[in-house]
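Residue numbers (the working numbering): 120 to 384.
Encoded as structure tokens, the structure appears first; notes follow it.
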């Protein structure tokens, strides 16, 4: 299975992460874009290898219909969900004032699933719609990765398109998507969940087996409740059991599990 669908639980002062629930307003707005990624490599949306990047948010625009029947502008979310990602989401939503632009999710790499759930709750509180897919900014054509990231961090709306043929959605994506008031996915989206979790403490990696089991039960209950609160069938978390295998969820089952409220982008 692709590295894009790897996940784990990271506990640093009980921080939960997915090798992919803080919800507090920072007194000073952080920049919308994330900082440089940490060393190592993670798989990006197009399947190529790239350094892991903290999730960034930026506004993109295209012709009418680019992000839905009457939609021409959206907020792109791309990268890995980390402990402070919620601050950047709040920052960009605050910058929109009363505008409720839909969020288009392109999550990859290790991700903090508790933060992913907090992002979903923020989106629901703000009345935001959600979908998934890579956003390709025209200004990035011919630019290096760092040059492209610099453009996205400037805070300007970028001309772009959503590449629905490359859309994927793992558990972190599903948790964010679940927060949308209206949720849809391109029909070709690859959606997958995994029933098993790896738990470790990023400050003290030797977590006892007893503690792993206890925390695994606690987090499982929290995740089931979160999806139920968002109107998504929490049984989708049980599809993989404890096998550790990733289970693809075909588009014919998306409405059944209430992953989406609408058929397609």
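The beta carbon of each residue, even a glycine, is placed where N, CA and C say it ideally should be.
In the DSSP assignment, what are the bridge partners of residue 303?
Within the chain shown, the letter at position 184 stands for residue 303. According to DSSP, residue 303 bridges with nothing at all.
Coil, strand or helix - residue 229 by DSSP
The sequence position of residue 229 within the chain shown is 110, counting from 1. The three-state reading of DSSP puts residue 229 in coil, since its state is none of H, G, I, E or B.
Identify whether residue 186 lies in helix, strand or coil by the three-state DSSP scheme.
By 1-based counting over the chain shown, the position of residue 186 is 67. Residue 186 falls in the coil class under three-state DSSP.
May I ask you to verify whether the segment 305–314 touches the segment 221–236, counting CB pairs closer than 8 Å and requiring at least 3?
These segments do not touch.
Are there 16 or more other CB atoms within 10 angstroms of the CB of residue 337, so buried, or fewer, so exposed?
Numbered from its first residue, the chain shown carries residue 337 at position 218. Burial call: exposed.
Starting from residue 261, follow its DSSP beta bridges and name the residues at the other end.
As a first step, residue 261 must be located in the chain shown, where it is residue number 142. Beta-bridge pairing links residue 261 to no other residue.
Closest residue to residue 291 among 312, 278, 274 (Cα-Cα distance)
For the purposes of this step, residue 291 is taken as residue 172 along the chain shown, with counting starting at 1. Taking only the C-alpha atoms, the option nearest residue 291 is 312.
Minimum C-alpha distance to residue 341 - residue among 194, 218, 217, 236
Stepping through the chain shown from its first residue, residue 341 is reached at position 222. Ranking the options by Cα distance to residue 341, first place goes to 236.
To which residues of the same chain is residue 380 closer than 6 Å at the C-beta, ignoring the five residues directly before and after it?
Numbered from 1 along the chain shown, position 261 holds the residue referred to as residue 380. The residues are 301, 302.
Look at the alpha carbon of residue 371 and the alpha carbon of residue 354, and state the distance between them as a whole number of angstroms.
Translated into positions along the chain shown, residue 371 becomes position 252. Translated into positions along the chain shown, residue 354 becomes position 235. So the alpha carbons of these two residues sit roughly 16 Å apart.
Compute the distance between the beta-carbons of residue 253 and residue 218, then report whether it is under 8 Å.
One-based indexing of the chain shown puts residue 253 at position 134. One-based indexing of the chain shown puts residue 218 at position 99. For residue 253 and residue 218, no; Cβs fall outside 8 Å.
Go ahead and pull the three-state DSSP assignment for residue 373.
The sequence position of residue 373 within the chain shown is 254, counting from 1. Judged by DSSP in its simplified three-state form, residue 373 adopts coil rather than helix or strand.
Given that a residue counts as buried once 16 or more other Cβ atoms are within 10 Å of its Cβ, and exposed if not, what is residue 332?
Here residue 332 is taken as the residue at index 213 of the chain shown, counted from 1. The residue in question, residue 332, is exposed, as its Cβ has fewer than 16 Cβ neighbours within 10 Å.
Does DSSP put residue 286 in a helix, in a strand, or in coil?
Position 167 of the chain shown, counting from 1, holds the residue named residue 286. Coil at residue 286, not helix or strand.
DSSP-derived helix/strand/coil call for residue 335:
Against the chain shown, residue 335 aligns to sequence position 216. In the structure shown, residue 335 sits in a helix (DSSP, three-state: H, G or I).
CB of residue 180 within 8 Å of CB of residue 196, strictly:
Counting from one through the chain shown, the residue named residue 180 turns up at place 61. Counting from one through the chain shown, the residue named residue 196 turns up at place 77. No, Cβ-Cβ distance for residue 180 and residue 196 is not below 8 Å.
Sorted by chain position, which residues of the same chain lie with C-beta nearer than 6 Å to residue 249's C-beta, five sequence neighbours on each side aside?
Counting from one through the chain shown, the residue named residue 249 turns up at place 130. Only 222, 296, 299, 302 meet the Cβ criterion.
Taking the C-alpha atoms as reference points, what is the distance between residue 240 and residue 325?
As a working mapping, residue 240 is identified with position 121 in the chain shown. As a working mapping, residue 325 is identified with position 206 in the chain shown. If you take the alpha carbons of residue 240 and residue 325, they lie about 32 Å apart.
Measure the alpha-carbon distance for residue 374 versus residue 349 and round it to whole angstroms.
Counting from 1 along the chain shown, the entry for residue 374 is found at position 255. Counting from 1 along the chain shown, the entry for residue 349 is found at position 230. Spanning the alpha carbons of residue 374 and residue 349 requires a straight line of approximately 14 Å.
By how many angstroms is the C-alpha of residue 255 removed from the C-alpha of residue 377?
By one-based count along the chain shown, residue 377 stands at place 258. By one-based count along the chain shown, residue 255 stands at place 136. Residue 377 and residue 255: Cα-Cα distance of roughly 28 Å.
Just confirm the distance between the C-beta atoms of residue 173 and residue 198, as a whole number of angstroms; I'd bet it's less than 8 Å.
For the purposes of this step, residue 173 is taken as the residue at position 54 of the chain shown. For the purposes of this step, residue 198 is taken as the residue at position 79 of the chain shown. Yes, they are in contact, since the Cβ atoms of residue 173 and residue 198 sit about 6 Å apart, within 8 Å.
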